[in-house]
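Positions 82 to 182 (this note's numbering) are the ones given, in order, by the sequence shown. Here a beta-carbon is modelled for each residue, glycine too, at the ideal position from N, C-alpha and C. Remember, predicted model here, so these are calculated numbers, not experimental data. Comments concern the structure below.
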Amino acid sequence: MGISKVLRQKFAGFSEEDRARLVRMGWEDRTTFDAIAVQFGLSPNEFVHFMRTVLSANAFSRWRRRVFEQGQLKNEKRRGFKVTRFKCSRQSVDGITKGWK
Numbered sequence: 082m083g084i085s086k087v088l089r090q091k092f093a094g095f096s097e098e099d100r101a102r103l104v105r106m107g108w109e110d111r112t113t114f115d116a117i118a119v120q121f122g123l124s125p126n127e128f129v130h131f132m133r134t135v136l137s138a139n140a141f142s143r144w145r146r147r148v149f150e151q152g153q154l155k156n157e158k159r160r161g162f163k164v165t166r167f168k169c170s171r172q173s174v175d176g177i178t179k180g181w182k
């Protein structure tokens, strides 16, 4: 099944940095689909299509399994806690995480 022309144009509008950020947000457990929708305007379904286009088949399969098994983490209404920030508490403004080598 292919991607619609409108969705393909929407994905083409993202810069390389935005694409890399979206992939990182997709792999992060703390980032919800709602946060992705606010920052980039992608619905959860559109985001799954995006991940399918940028990841290899094997990586997409692993990501999809992870999101399905831990779906409560990507769904703000279903998770048992509230996140009030977009970054790790150990992460500085420039994106470097303290304590990691």
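query = T113 to A138, Cα distance in whole Å?
reply = 23 Å
query = Based on Cα-Cα distance, which residue from F121, T134, F149, R147 lies nearest to R89?
reply = T134
key: Enclosing alpha helix (DSSP H) for T134 [first to last residue]   = 125-135
task = Quick one: grab the DSSP three-state call for K182.
result = Its pLDDT being 49, under 50, K182 is placed unreliably in this model, and the value from its coordinates should be taken loosely. Note: K182 maps to coil in three-state DSSP.
request  = Could you check the C-alpha separation between E127 and L136 for me, to the nearest Å?
outcome  = 14 Å
query = Going by beta carbon distance, what residues of the same chain come within less than 7 Å of M106, once the five residues before and after it are set aside?
reply = T112, I117
task = Output the distance between the C-alpha atoms of S96 and K86, rounded to the nearest integer angstrom.
result = 18 Å
query = Alpha carbon to alpha carbon, what distance is there between F92 and F132?
reply = Correcting the residue identity first, residue 132 is Met in this sequence and not Phe. One C-alpha to the other measures close to 10 Å.
inquiry  = Taking only three categories from DSSP, how would you classify I84?
reply    = coil
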